[in-house]
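**Q** Pasting a structure here, questions to come.
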Amino acid sequence: MTMKRVLIADDEAHVVRILQRTLERAGYQVESCPNGEAALARVREAPPDVLISDVQMPRMGGRELCQRIQRELPARHFPIVVITSRPEYEERVWSHHIDNLHFMEKPLSPRRLVALLERHVSQPASH
Amino acid sequence: MQELIGQWRWKAERTALRGVALTVLLALGCSALVYHGQRQRARAELARDARQAAELLAALPAGQARPARLLSALRDERLAWAELRAADGLLLASLPADAAPAPPQAAATRIDRRGDLLTVHRRLPQGRLALAYRLPGPWPAPADWPALLAPPLVALAAGLAFFLYLRREVRPLRELADGLRALLARREPARLVLPHAGHLHELVLRLNELLGIVGGRLRQLESERRGLSTSAQVLAYRRQRAEAVLQSLPDGVLVLDETGLPAAINGQAARLLETAPEAVTGQPARRWCRQPEVLSLLARFEQGGAVAWSSQQLDYHPLQQPERKIRLLTFPLFSPVDETSLLGSLVLFRDITEEELARTSRAEFVAHVAHELKSPLNVLAMYSEALLGEDGADPGFRTEACNAISDEVERLSSLIANLLSLTRIEMGGLSLSRQRVRLHALLEDAHQHLARQAKTAGVRLLLDVPRELPPVSVDKALFTVAINNLLSNAIKYNRPGGTVTLSARETEQSIFIYVRDTGIGIAPEEQQRIFEKFYRAEDAQVRQRAGHGLGLPLAREVIQLHHGVLSVESRPGEGTTFIIELAKEAGILKQAI
């Protein structure tokens, strides 16, 4: 069985470390980028099975990252999970035209994140 | 009226005098006529008498009497002379004896008037007779004078009496005129006092009544005039005050009358509409308004209809300053007496640029704070959950988790302390609780406070502060927060094995405090932005460190509150020095106050 690839875009080292640890334990292959720009480049290179993104990041934040991905890859299959302090605000202001987008509120529970990923990341048949 | 009466008085007297003179003249004329008639009659009588006398003498038989006796029989005082001559011209007798000789020729009886003599010639048997009588002269005899002069004298006396009577009658009128003249000279109503009012008494009474009424009315008018003048002054003052209020309003104000045309505009509105107040009043909007949105709204007011009866709102960007945002609000102005009658409309122009900016930045600030508060909480939550799970059993992970939790708690606590200080400062009205502190002691405390953080980070923290620095007057709590923020940054953005030096120097005017590190440095383009709230450098090395972007803004605010300057010198890759300059005088002056 191929491991699902998770791409994390977050500038907080502690957050990346703990997410990486939790998700790896849950059987995901984890990559991380410190900002939206790097994450977008990585998505273009090799679309992950799921993208987890913070909102406030240097160079390119989560909002712009999602909009760029939606524009460049309108037929993408992977879900995007945005971790934010204000999910209602983000949902209201900019989430309308972006498909397969999910919000998780800070403080984040890694367990609930894993549960969300299990629901939304398609589990292809084992090889 | 006074002149009228004056004229009338003089005219009356003149007329009376003329009347008197005329009457006297008439009387004189009558007397003259009478005298003339008498004279004519006397002449006629004289002629008849003369003829009769001549006939009488002729009838006497000749020789009966001697001529001298004959003549002497004539007894008439009117007879001037008489003579009797013989046919040959010899004077037979004359009376008086020296009478002048008569002309030689003679007819029968002939009467001849010459000069003042009437002469009768008669042929007598004895000769010719001539009798000369004195005609009555042009002037009456002295005896006639009294009879002739009596009528004119009576007329004169009667005329003068009439004149005096008239004068007496006119006297009250003259007094009335004088009284009126005096009254008019006083220029104010008073009673008319006439000592000899006579039959004008009633008129004077009525005039006084009239004067009383007029005086009362005048006083009333005067008092009304004063009242009106006072009201006018009050109104003018109120109008000026209203004008001043209108002009000093921060908002632009345009008042439209019931036809939708501008009745008043203040300077602020004229500025916002880029026109002059004089160009606006009474003029339709198309003449002075270049802002299309405003023009179309005002045009609707000019067309009348429902638009004026309700409030309208319109936001627009001025043509010349598109970066600004103006909000236009209209309110109907109803009559205070009749609420169904519309007096016009009030149009307010409010520059809401700053308001919008403030709203946006407040929303941004809150969003930032929420984010910055939740980020450490997020890490705490994730680590605590992980510790509760299978990872909790891993000693390596536990150490990592404890360090992370300690870092984040420190970050959260510092963020909250900074937020509170910043809010205190930004709310304004913050009075520094200054106290004299020894700078050496204050900096030493800060050095000790940060020692543990420096040790954890593997950074050497050095203190180089002369003990003899003068005391400074500062708010100790706030000043310590500022120094701690600078030191904390210097440690955080250093490299392992680096150095942070806290030093202070004194010059004549100032005290300088330096926080120097050997860290990653700050790019020149970011050296000013680091003092913006929540700004964090793009550098990944910065992002790796837990920060909240409030430390430096707060430090700068605190130093500025102390009338000091916080500046930065930095070279990327080599290190950064933050410099606090405190003016000595400021501290000393404040101390004195």
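Heads up: the sequence lines are chains C and D, in that order.
In terms of this note's numbering, the first sequence opens at residue 284 and continues consecutively.
In terms of this note's numbering, the second sequence opens at residue 24 and continues consecutively.
We put the beta carbon where it would ideally sit given N, CA and C, even for glycine.
1. CA-CA distance, Gln336 (chain D) and Cys312 (chain D)?
2. Assign Asn512 (chain D) to one of two classes, buried (16 or more other C-beta atoms within 10 Å of its C-beta) or exposed (fewer than that).
3. Please report the straight-line C-alpha distance between Val588 (chain D) and Leu465 (chain D), rounded to a whole angstrom.
4. Who are the neighbours of Leu438 (chain D) on chain C, taking C-beta pairs under 7 Å?
5. Going by Cα to Cα distance, which pick from C:Leu302, C:Val289, C:Lys287 and C:Met340 is closest to Pro390 (chain C)?
6. Any Cβ of chain D within less than 7 Å of the Cβ of Ser378 (chain C)?
7. Pairs of beta-carbons, one from the region 43-63 of chain D and one from the region 162-178 of chain D, closer than 8 Å: are there three or more?
8. Find the nearest neighbour of Pro493 (chain D) within the set D:Glu467, D:Phe354 and D:Arg461, judged by alpha-carbon distance.
9. Classify Met450 (chain D) as buried or exposed, calling it buried when 16 or more other Cβ atoms lie within 10 Å of its own Cβ.
10. Hey, how far is the Cα of Ser315 (chain C) from the Cα of Leu525 (chain D)?
11. Does the beta carbon of Leu411 (chain D) sit closer than 7 Å to a beta carbon anywhere in chain C?
12. Determine whether the Cβ of Met405 (chain D) lies closer than 7 Å to any Cβ atom of chain C.
13. Quick one: is Trp162 (chain D) buried, meaning 16 or more other Cβ sit within 10 Å of its Cβ, or exposed?
14. Residues of the region 316-328 of chain C with a CB closer than 7 Å to any CB of chain D: list them in chain order, please.
15. DSSP on Arg304 (chain C), reduced to helix/strand/coil?
16. Can the beta-carbon of Arg528 (chain D) be found less than 7 Å from the beta-carbon of Ser496 (chain D)?
17. Could you tell me the distance, in whole angstroms, from the CA atom of Ala130 (chain D) to the CA atom of Cys53 (chain D)?
18. For Val488 (chain D), which residues from the same chain have a beta carbon less than 8 Å from its beta carbon, with the 5 sequence-adjacent residues on both sides left out?
19. So Val289 (chain C) contacts chain D; which residues on that side make the cut at Cβ distance below 7 Å?
20. The alpha helix (DSSP H) spanning Phe420 (chain D) covers which residue range?
21. Please report whether the beta-carbon of His394 (chain D) lies at a distance below 7 Å from any beta-carbon of chain C.
22. Going by the DSSP bridge assignment, what does Met343 (chain C) pair with across the sheet?
23. Under 7 Å, Cβ to Cβ, is there at least one residue of chain D near Val397 (chain C)?
24. Looking at the unbroken alpha helix (DSSP H) that takes in Ser511 (chain D), where does it start and where does it end?
25. So with CB distances below 9 Å, who are the chain D contacts of Leu334 (chain C)?
26. In this structure, what does DSSP give as the bridge partners for Trp104 (chain D)?
27. Please check the pair Arg214 (chain D) and Leu244 (chain D), which I expect to be a contact at CB under 8 Å, by giving their CB distance rounded to whole angstroms.
28. Could you give the uninterrupted runs of the beta strand (DSSP E) lying entirely in the region 341-393 of chain C, keeping only those of 3 residues or more?
29. For Arg292 (chain C) and Asp337 (chain C), which I take to be in contact (beta-carbon distance under 8 Å), what is that distance rounded to the nearest angstrom?
30. Which residues does DSSP pair with Phe186 (chain D) in a beta bridge?
31. Please work out which residues of its chain come closer than 6 Å, Cβ to Cβ, to Leu410 (chain D), disregarding the five sequence neighbours upstream and downstream, and give them in chain order.
32. With a threshold of 7 Å on Cβ separation, who are the neighbours of Pro127 (chain D) within its own chain once the five nearest residues in sequence on each side are excluded?
33. Is it true that the region 359-375 of chain D meets the region 267-287 of chain D, where meeting means three or more beta-carbon pairs spaced less than 8 Å apart?
34. Taking three-plus beta-carbon pairs below 8 Å as touching, is the region 291-309 of chain D in contact with the region 389-404 of chain D?
35. I'd like to know whether the C-beta atoms of Gly574 (chain D) and Asn517 (chain D) end up nearer to each other than 7 Å.
36. Is Ala578 (chain D) near Ala505 (chain D), with beta carbons less than 7 Å apart?
**A** Straight from the coordinates:
1. Along the second sequence, one-based indexing puts residue 336 (chain D) at 313. Along the second sequence, one-based indexing puts residue 312 (chain D) at 289. Those two C-alpha atoms are separated by around 17 Å.
2. Position 489 of the second sequence, counted from the start, is the residue given in the question as residue 512 (chain D). It counts as buried.
3. Within the second sequence, numbered from 1, the residue matching residue 588 (chain D) stands at position 565. Within the second sequence, numbered from 1, the residue matching residue 465 (chain D) stands at position 442. Each residue's Cα considered, the two are about 18 Å apart.
4. For the purposes of this step, residue 438 (chain D) is identified with residue 415 of the second sequence, where counting begins at 1. Within chain C, no residue comes near Leu438 (chain D); the closest Cβ sits about 13 Å away, beyond 7 Å.
5. Within the first sequence, residue 390 (chain C) is the residue found at index 107, counting from 1. Nearest of C:Leu302, C:Val289, C:Lys287 and C:Met340 to Pro390 (chain C), Cα basis: C:Leu302.
6. In the first sequence, the residue the question calls residue 378 (chain C) occupies position 95. No, its Cβ sits nowhere closer than 7 Å to a Cβ of chain D.
7. yes
8. Position 470 of the second sequence, counting from 1, holds the residue named residue 493 (chain D). The candidate whose alpha carbon is nearest that of Pro493 (chain D) is D:Arg461.
9. Counted from its first residue, the second sequence places residue 450 (chain D) at position 427. So Met450 (chain D) counts as exposed.
10. For the purposes of this step, residue 315 (chain C) is taken as the residue at position 32 of the first sequence. For the purposes of this step, residue 525 (chain D) is taken as the residue at position 502 of the second sequence. If I take the Cα positions, the gap works out to 38 Å.
11. Translated into positions along the second sequence, residue 411 (chain D) becomes position 388. No, Leu411 (chain D) lies away from the interface with chain C (no Cβ there is under 7 Å from its Cβ).
12. If you number the second sequence from 1, residue 405 (chain D) lands on position 382. Met405 (chain D) counts as touching chain C.
13. For the purposes of this step, residue 162 (chain D) is taken as the residue at position 139 of the second sequence. Label assigned to Trp162 (chain D): exposed.
14. Pro317
15. As a working note, residue 304 (chain C) is residue 21 in the first sequence. It is helical.
16. The sequence position of residue 528 (chain D) within the second sequence is 505, counting from 1. The sequence position of residue 496 (chain D) within the second sequence is 473, counting from 1. Cβ distance not < 7 Å, so Arg528 (chain D) and Ser496 (chain D) don't count as in contact.
17. Locating residue 130 (chain D) in the second sequence gives position 107, counting from the first residue. Locating residue 53 (chain D) in the second sequence gives position 30, counting from the first residue. Only weak support is given to the placement of Ala130 (chain D): the predicted model assigns it a pLDDT of 49, under 50, and the value that follows is read from those uncertain coordinates. C-alpha separation (whole angstroms): 41 Å.
18. Residue numbering aside, residue 488 (chain D) sits at position 465 when the second sequence is read from its first letter. Answer for Val488 (chain D): Leu462, His463, Leu466, Glu467, Leu525, Ser526 and Ala527, listed in chain order.
19. By 1-based counting over the first sequence, the position of residue 289 (chain C) is 6. Residues of chain D passing the Cβ test: none, with the nearest at roughly 15 Å.
20. Position 397 of the second sequence holds residue 420 (chain D). Unbroken alpha helix (DSSP H) run through Phe420 (chain D): Pro418 to Glu449.
21. One-based indexing of the second sequence puts residue 394 (chain D) at position 371. Yes, contact with chain C.
22. Taking the first residue of the first sequence as position 1, residue 343 (chain C) is located at position 60. According to DSSP, Met343 (chain C) bridges with nothing at all.
23. For the purposes of this step, residue 397 (chain C) is taken as the residue at position 114 of the first sequence. Output row for Val397 (chain C): interface = no.
24. The residue labelled residue 511 (chain D) in the question sits at position 488 within the second sequence. Per DSSP, Ser511 (chain D) belongs to the alpha helix (DSSP H) from Lys499 to Lys515.
25. If you number the first sequence from 1, residue 334 (chain C) lands on position 51. In chain order: nothing, as chain D lies at least about 18 Å away.
26. Here residue 104 (chain D) is taken as the residue at index 81 of the second sequence, counted from 1. Bridge partners of Trp104 (chain D): D:Ala155.
27. Counting from 1 along the second sequence, the entry for residue 214 (chain D) is found at position 191. Counting from 1 along the second sequence, the entry for residue 244 (chain D) is found at position 221. About 20 Å; that fails the 8 Å criterion.
28. 363-367 and 384-388
29. On the first sequence, residue 292 (chain C) is found 9 positions in, with the first residue counted as 1. On the first sequence, residue 337 (chain C) is found 54 positions in, with the first residue counted as 1. The question names Arg, but residue 292 (chain C) is Ala in the sequence shown. Confirmed, about 6 Å.
30. Counting from 1 along the second sequence, the entry for residue 186 (chain D) is found at position 163. Per DSSP, none; premise fails for Phe186 (chain D).
31. Indexing the second sequence from 1 puts residue 410 (chain D) at position 387. Excluding sequence neighbours, Leu410 (chain D) sits near Ala424.
32. One-based indexing of the second sequence puts residue 127 (chain D) at position 104. Confidence at Pro127 (chain D) is low in this model, with a pLDDT of 48, below 50, so its placement is unreliable and no value can be given for it.
33. yes
34. no
35. In the second sequence, residue 574 (chain D) corresponds to position 551, counting from 1. In the second sequence, residue 517 (chain D) corresponds to position 494, counting from 1. Not in contact: Gly574 (chain D) and Asn517 (chain D) (Cβ atoms no closer than 7 Å).
36. Counted from its first residue, the second sequence places residue 578 (chain D) at position 555. Counted from its first residue, the second sequence places residue 505 (chain D) at position 482. Contact: yes.
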